[in-house]
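In order, the protein sequences belong to chains P and X. So for the first sequence, my numbering puts the first residue at 1; every next one is plus one. So for the second sequence, my numbering puts the first residue at 1001; every next one is plus one. Built from N, CA and C at the ideal position, the CB exists for glycine as well.
2 protein chains.
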Amino acid sequence: MSLNGGLVWALTQAVGPAHVLTDGDLSAFEVDWRKRWFGKALAVVRPGSTAEVAAVVQACKAHGTCLVPQGGNTGLVGASGPDASGTQVVLSLGRMNRVRGIDAANLTMTVDAGCVLQAVQEAAAAQGLLFPLSLAAEGSCTIGGNLATNAGGTQVLRFGNARELCLGLEVVTADGDVWDGLSGLRKDNTGYDLRDLFIGSEGTLGIITGATLKLYPQPAAVTTALAAVPSMGSAVGLLQLAQARLGPGLTGFEVMGEFALGLVRKHFPQLPQPLPPAPWTVLLEQSDCESAEHATALFEALLEAALERGLITDAAVAASTQQSNNLWHLRESIPLAQSLEGLNIKHDISVPVSKIPAFVAATDAALERAFPGVRLVDFGHLGDGNLHYNVQAPMGQAAADFLRDCEKAVNAIVYDAVCAQGGSISAEHGIGMLKRDELVKRKSPVALQMMRAIKQALDPAGRLNPGRVLQTD
Amino acid sequence: MSLNGGLVWALTQAVGPAHVLTDGDLSAFEVDWRKRWFGKALAVVRPGSTAEVAAVVQACKAHGTCLVPQGGNTGLVGASGPDASGTQVVLSLGRMNRVRGIDAANLTMTVDAGCVLQAVQEAAAAQGLLFPLSLAAEGSCTIGGNLATNAGGTQVLRFGNARELCLGLEVVTADGDVWDGLSGLRKDNTGYDLRDLFIGSEGTLGIITGATLKLYPQPAAVTTALAAVPSMGSAVGLLQLAQARLGPGLTGFEVMGEFALGLVRKHFPQLPQPLPPAPWTVLLEQSDCESAEHATALFEALLEAALERGLITDAAVAASTQQSNNLWHLRESIPLAQSLEGLNIKHDISVPVSKIPAFVAATDAALERAFPGVRLVDFGHLGDGNLHYNVQAPMGQAAADFLRDCEKAVNAIVYDAVCAQGGSISAEHGIGMLKRDELVKRKSPVALQMMRAIKQALDPAGRLNPGRVLQTD
């Protein structure tokens, strides 16, 4: 029996032969959905319980084999698939998709890591409660992956990232021990914050197998408005005004550049755009615990005040849920419209909200100087200081050529500008393999040294998701 | 020159002779304010800058000397003073009390760790903004201490603990390096969450020297109400109703047992108590971004609905800021009233909110069986599942005798009940020396092992606040 044969036999013992995949088309587990990384797994293992995850980790430990934990495999940075060596085991959490329980009076729910985000939202909604994490991949990403990458999305302004929505974790350690940290407590000061260390560590420190999540009462009404703003400075001014007027009722504040909305007009002409083109368009969302009428009245008063102050030039308040959905649909169509326009160089950056206008002005100008005619697809979560500041080839230049020839230089300009404003090169997508080398250049050496010490402390053999986040030695 | 003499000389070089205290009455730095731990420092060092903190740590490293970081020295668990050996240096951050900057458009402020909490609140208020962390010691505790202990307080229900209010940290490591993690970003997924590892680590992993904090718009109105409830189950029902009706406008939900409010009546008869005695009394606070009238109308509708459902038997809405302050003053007088009544055995526990009624019923009964006539001073932050479940000697029994003879048995009953409900033995005060041994008994061995590995990774020589949180080997 070969060495791999021994491991496969042990994995089969751990999870049953039906759940150890070594043959056939495994590309759903081996290739990321954007098809940037083509890996080859030694085996794909699909445990059905936390105990089985622990058994898989122990088997891999005994054979000195590395593990790549995987949820919905919807990540954007190459953190959830195997490398091309054929020596790594993919541990897919997809079969662990049970809602373990909902505690309505405590406003918590406990779920398996493999639950699809949308299923988590729906289980909460079935009890009249809200799990607010929301992002484009919610129909296929898993809550374990959301936590492993500290996912962001559209509701961060009010509810925080995945990190802020999690009270407790269950984790299988590199040694195959189970840490039951599934606490439903809002206050617990008994030692170091292990929970937040695993959240955002992209499967490199332990394998999240379950989580206790925060829930909220469902709002009585959710409504949206669209506002045309003359400049990014005005957009920031509108944000301040909206935060003061609506307080925590302001649950969304998305900005869309004119070129980005123009791509939606071009590729999806059937989508209504209620406002005429403006340099920037803002989508505001308000969640109200009283009524739709109350929300609309607050919105109208806010937008009137913004008009008076010259912060906006035009606005439209959605008159129905259908109209609200249409406004969100506009925003959500930008990524698809830009794909239809051609490949582009994507960024997921954040700077302090107050620095966004200066960042955009300086970076737009620097890119235009370096690449005359370059087209900028700017949009994102302005309320969180997070822009998807994407760069498209000048009209007429082949997108693939532009990517091949210019990506490095474009990234250098963008990341230099981000760092000059005290920003982050990965606001919500993580590091994975994609930004690992950039991280070494951009992160403080003191921080990197502490990160390496922590990796060494919790996974000394380096068997968990090697080469992600940190370079393998 | 003695070994200590060499160190003191080096410390003098680092911070100037005026800021190295070795003589005279140093009890303000050596004894905790509740006078439970009487320590003796080798020296008290008061650096004036982050660079000086780093120089102090390097000097102590060179001499193999342990350091005890100290803020306002208001902690409750023996984490901020030296032991009695006379070999530990107290590093007091009190001179580092500068507000480094406020970024109103980003809703952040950056401060030195030694800023007193109240000064932080006031600096925010001066810009029309709110820093919501609020607790009894706010006039003398420091923000660095608040972060090192992940302080809670009265606004956690809406705004979270100190952890949730911090975006970035500056930390001096055990090696005397400075980590500049002073980010004002709401989204930053570039590697492991070092920030949250230091928050709540009680100075055992590094020394917090600065922080970037989240601010909020000031609400237009803050108002309070008092409600008499027949049972703890009704109090939890009222909380659910209030959360659904007021949403994030509900910023405080404190519960007070009849015996606790009775002590206030007895020792502070001049304080008005607007409601007749009831088994439990709840203090609700609402922060409104519209107006006082709007807040009052919402409160009245809520309390009417609660009356109709039998959740409350009586209620009073404060008609002025003065009346609101009076209601808070009632709540805040409980700790002093119980001190005047005599020593008692204090707890700072949390359980899921839904489990509070069962916890209180079972624990009250178990204590009464073990100690007939025992008096329970129950009050706390019900909205967070956090009770200060304090135990007073039966009437007529000397408090000191009761403490001496019964504390261990009382704690065993309380902590067994807490753990049976999935709770925490330290909700907001931390571990320090006080609960270190209890932690070993109550925390999962897997968690303890990870905590020890992290301590070893970041402070291998064990020089930072030794013997706190974790036993020194």
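Contact defined as beta carbons within less than 8 Å: I believe residue i pairs with residue j. What is the distance between those atoms, to the nearest angstrom?
i, j, result
"S1080 of chain X", "D1032 of chain X", "7 Å"
"L382 of chain P", "F253 of chain P", "6 Å"
"S1426 of chain X", "N106 of chain P", "At roughly 19 Å, the Cβ-Cβ gap does not stay under 8 Å, so S1426 of chain X and N106 of chain P are not in contact."
"F379 of chain P", "A393 of chain P", "Contact flag wrong, Cβ pair sits at about 18 Å."
"G1430 of chain X", "G1075 of chain X", "7 Å"
"Q286 of chain P", "L298 of chain P", "7 Å"
"L11 of chain P", "V45 of chain P", "5 Å"
"S350 of chain P", "V264 of chain P", "The Cβ separation is near 23 Å, so there is no contact."
"A84 of chain P", "G39 of chain P", "6 Å"
For a contact defined as C-beta to C-beta under 9 Å, what are the partners of residue i on chain P?
i, result
"M1451 of chain X", "G191, Y192 and L194"
Check this for me: beta carbons of residue i and residue j, under 8 Å apart or not?
i, j, result
"V53 of chain P", "K435 of chain P", "no"
"T296 of chain P", "T251 of chain P", "no"
"L1182 of chain X", "E1164 of chain X", "no"
"A1362 of chain X", "A1417 of chain X", "yes"
"L1464 of chain X", "G1145 of chain X", "no"
"G1114 of chain X", "L1133 of chain X", "no"
"A1278 of chain X", "A1228 of chain X", "yes"
"L167 of chain P", "L185 of chain P", "yes"
"T1142 of chain X", "G1072 of chain X", "yes"
"G262 of chain P", "W280 of chain P", "no"
"A301 of chain P", "L226 of chain P", "no"
"T1108 of chain X", "K1266 of chain X", "no"
"P82 of chain P", "E122 of chain P", "no"
"K187 of chain P", "V1156 of chain X", "yes"
"I208 of chain P", "A148 of chain P", "yes"
"T1173 of chain X", "V446 of chain P", "yes"
"A14 of chain P", "A43 of chain P", "no"
In this structure, what does DSSP give as the bridge partners for residue i?
i, result
"R309 of chain P", "Looking at the DSSP assignment, R309 of chain P forms no beta bridge with any residue, so it has no partner."
"N386 of chain P", "P:S350 and P:H381"
"G1101 of chain X", "X:T1110"
"L1284 of chain X", "X:A1225 and X:F1253"
"A211 of chain P", "P:V111 and P:L169"
"T1142 of chain X", "X:V1116"
"D1364 of chain X", "For D1364 of chain X, which the question treats as bridged, DSSP gives no partner whatsoever."
"S291 of chain P", "Note: S291 of chain P sits in no beta bridge, so no partner."
"R1265 of chain X", "The partner list for R1265 of chain X (beta bridge, DSSP) is empty, contrary to what the question assumes."
"F38 of chain P", "P:V31"
"Q1092 of chain X", "Contrary to the premise, residue 1092 of chain X reads as Ser rather than Gln in this sequence. Partner(s): X:Q1070."
Please report how far the alpha carbon of residue i lies from the alpha carbon of residue j, in whole angstroms.
i, j, result
"G24 of chain P", "N4 of chain P", "17 Å"
"M1001 of chain X", "A1399 of chain X", "Reliability of the predicted coordinates at M1001 of chain X is poor, the pLDDT of 47 falling under 50, and no value is obtained from them."
"L1387 of chain X", "A1457 of chain X", "35 Å"
"A244 of chain P", "D384 of chain P", "16 Å"
"H1019 of chain X", "L1439 of chain X", "36 Å"
"V1282 of chain X", "E1407 of chain X", "29 Å"
"P335 of chain P", "L135 of chain P", "12 Å"
"P1217 of chain X", "L1129 of chain X", "5 Å"
"K455 of chain P", "G462 of chain P", "8 Å"
"P219 of chain P", "G373 of chain P", "45 Å"
"L1303 of chain X", "G139 of chain P", "40 Å"
"G1233 of chain X", "P1357 of chain X", "5 Å"
"Q88 of chain P", "K61 of chain P", "12 Å"
"D1112 of chain X", "F1131 of chain X", "15 Å"
Can you pull the chain P residues whose beta carbon is under 8 Å from the beta carbon of residue i, in chain order?
i, result
"Q1471 of chain X", "Those within 8 Å of Q1471 of chain X in chain P number zero; the least Cβ separation is about 12 Å."
"W1179 of chain X", "S444, V446, A447 and M450"
"R1347 of chain X", "Correcting the residue identity first, residue 1347 of chain X is His in this sequence and not Arg. The premise fails here: H1347 of chain X is roughly 13 Å from chain P at the closest Cβ pair, so nothing lies under 8 Å."
"H1388 of chain X", "Correct list: empty, because the minimum Cβ distance to chain P is about 12 Å."
Name the chain X residues whose beta carbon is nearer than 9 Å to that of residue i?
i, result
"E164 of chain P", "G1160 and E1164"
"K443 of chain P", "T1190 and G1191"
Could you work out which residues of chain X lie near residue i, taking near to mean beta carbons separated by less than 7 Å?
i, result
"L197 of chain P", "Y1192, D1193 and L1197"
"N325 of chain P", "Within chain X, no residue comes near N325 of chain P; the closest Cβ sits about 22 Å away, beyond 7 Å."
"V353 of chain P", "A1105 and N1106"
"A245 of chain P", "According to the sequence shown, residue 245 of chain P is Arg rather than Ala. Result: C1289."
"S426 of chain P", "N1189 and T1190"
What does residue i touch in chain P if you count any residue whose Cβ is under 7 Å from its own?
i, result
"P1335 of chain X", "What P1335 of chain X touches in chain P: nothing, since even the nearest Cβ is about 18 Å away."
"G1152 of chain X", "K187"
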